[in-house]
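Step one of this worksheet: look at the structure below.
Number of protein chains: 2
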Amino acid sequence: MSEHPWLVQLNEQGYRLTEARRAVVEIMAHSTYALTPIEIFDEAREAHPALGLVTVYRTLEALEGQGLIQRVHQPQGCQAFITAPAGHQHLLLCKQCGEAALFEGDDLETLIKSIARKTGYQISEHWLQLFGLCPNCRMAQA
Amino acid sequence: MSEHPWLVQLNEQGYRLTEARRAVVEIMAHSTYALTPIEIFDEAREAHPALGLVTVYRTLEALEGQGLIQRVHQPQGCQAFITAPAGHQHLLLCKQCGEAALFEGDDLETLIKSIARKTGYQISEHWLQLFGLCPNCRMAQA
DNA sequence: TCCTTATTGAAAATGATTTTCAATATCAGG
DNA sequence: CCTGATATTGAAAATCATTTTCAATAAGGA
Chain L
1 MSEHPWLVQL NEQGYRLTEA RRAVVEIMAH STYALTPIEI FDEAREAHPA
51 LGLVTVYRTL EALEGQGLIQ RVHQPQGCQA FITAPAGHQH LLLCKQCGEA
101 ALFEGDDLET LIKSIARKTG YQISEHWLQL FGLCPNCRMA QA
Chain U
1 MSEHPWLVQL NEQGYRLTEA RRAVVEIMAH STYALTPIEI FDEAREAHPA
51 LGLVTVYRTL EALEGQGLIQ RVHQPQGCQA FITAPAGHQH LLLCKQCGEA
101 ALFEGDDLET LIKSIARKTG YQISEHWLQL FGLCPNCRMA QA
């Protein structure tokens, strides 16, 4: 069987391919929701019951180090993770159901340049995140 | 002596004015750096040595509830607090020294409306934060 | 000044994450 | 296909941040 691209990448970086890693990657690579270590633990144990929570933490660390997932910051807490956006994409989170959408944020360049000019700062990174209601939850609410 | 506006506001909301609260407000209202509870604790104890860390947490909670301070999210962690920006301002943090600058982010409205149209989400909140080097640290580096 | 009650600090409890360590599993080499 | 070096694992303990509990104290209206 062919491995998931994330597993291939981990392998190329010298990580061994184990049941535990396969189980965590399986969950993380397919979720469109930000998940906490415990949630990942619970879901991944369905495929690999012997999995330990510690290993979830260690695998998340490896995946984050490889730029494959990212931590999601929210008002309720900052422990959740989700697939890392590619390129210049940013997160849009539904406050109701937690579903995450992605959007392009290229237009920021202009804003950032103007702020750099005004403040004298040399800007190297930006975080942009939006919160709202996804189409489904909007409908349910109306 | 006249009290700091933050203390006046707390008082109007029914909070009593105590030495502990005065000490914490004194630190938070004048810092241009994001400070962690422990850092605030250490600094505030210079004015009020009997202060307990628990009270720092409780006072931060009150100040955040009043919209006077806000939590600062950073790659290294999300435990720090800083004066809340007024209106549509956002944070710009120096990666080197931790100093915080503020900037206006009104231009975002256009971007946000366009994303709302594209994704179907009803967007109600946005987080924008920039990281870089402040003028001083830029100079020191060059 | 007195009295009610919000507030306090210390200690204990909780929750998340990290470290330690002996057992186990991966995979390169024979 | 076996074998051995060693990366990886899970459990338990340690650590760190935060919250809760509770009796003592202090704020501020009467």
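Those protein sequence lines, which keep their order, are chains L and U.
With the working numbering, letter number 53 in the first sequence gets 53, and the count goes up by one each step, no holes.
With the working numbering, letter number 14 in the second sequence gets 14, and the count goes up by one each step, no holes.
Glycine included, every Cβ here is placed at the ideal spot set by N, Cα and C.
If you keep only unbroken alpha helix (DSSP H) runs of at least 4 residues inside the region 16-53 of chain U, you get 19-30, 37-44. Under the three-state reduction of DSSP, L/Ser114 is assigned to helix. Under DSSP, U/Thr83 takes part in a beta bridge, and its partners are U/Ile69. Nearest to U/Phe103 by C-alpha distance, out of L/Ile112, L/Val24, L/Phe103, L/Asp107, is L/Ile112. Inter-residue distance for U/Gly14 and U/Val25 is about 16 Å (C-alpha atoms, whole angstroms). Rounded to the nearest whole angstrom, the C-alpha separation of L/Thr83 and U/Asn11 is 45 Å. With contacts defined as CB atoms closer than 8 Å, U/Ala44 and U/Leu51 qualify as a contacting pair. The region 116-136 of chain L makes contact with the region 127-135 of chain U; the number of CB pairs closer than 8 Å reaches 3 or more. When DSSP reads this structure, L/Trp127 sits in a beta bridge with U/Gln129. Around the C-beta of U/Gly87, fewer than 16 other C-beta atoms lie within 10 Å, and the residue is accordingly described as exposed.
Taking the Cα positions, U/Lys118 is about 12 Å away from L/Leu92. Excluding five sequence positions before and after U/Ile40, the CB atoms of its chain that fall closer than 8 Å to its own CB belong to Val24, Ile27, Met28, Val56, Leu60, Phe81, given in chain order.
With 16 or more other Cβ atoms inside 10 Å of its own Cβ, U/His73 counts as buried. In the displayed model, L/Gln76 falls within coil according to three-state DSSP, outside both helix and strand. At a cut-off of 8 Å, the C-beta of L/Leu63 has no neighbouring C-beta in chain U. Bounds of the beta strand (DSSP E) holding L/Gln89 are 89-94. Using a CB distance cut-off of 8 Å, U/Gln13 does not count as an interface residue toward chain L. Collapsing the DSSP output to three states places L/Glu12 in a helix.
Taking CB atoms only, L/Thr119 has a neighbour in chain U less than 8 Å away. For L/Ala101, the enclosing beta strand (DSSP E) stretches over residues 100-104. L/Gln122 is bridged by DSSP to U/Leu133. Within the region 122-137 of chain U, the residues whose Cβ lies closer than 8 Å to some Cβ of chain L are Gln122, Ile123, Ser124, Glu125, His126, Trp127, Leu128, Gln129, Leu130, Phe131, Gly132, Leu133, Cys134, Pro135, listed in chain order. Excluding five sequence positions before and after U/Ala47, the CB atoms of its chain that fall closer than 7 Å to its own CB belong to Ala23, Glu26, given in chain order.
Relative to the Cα of U/Gln70, the nearest Cα in the group U/Pro5, U/Leu108, U/Ala20, U/Ser31 belongs to U/Ser31.
In this structure, the alpha-carbon of U/Ala34 lies about 47 Å from that of L/Ser2.
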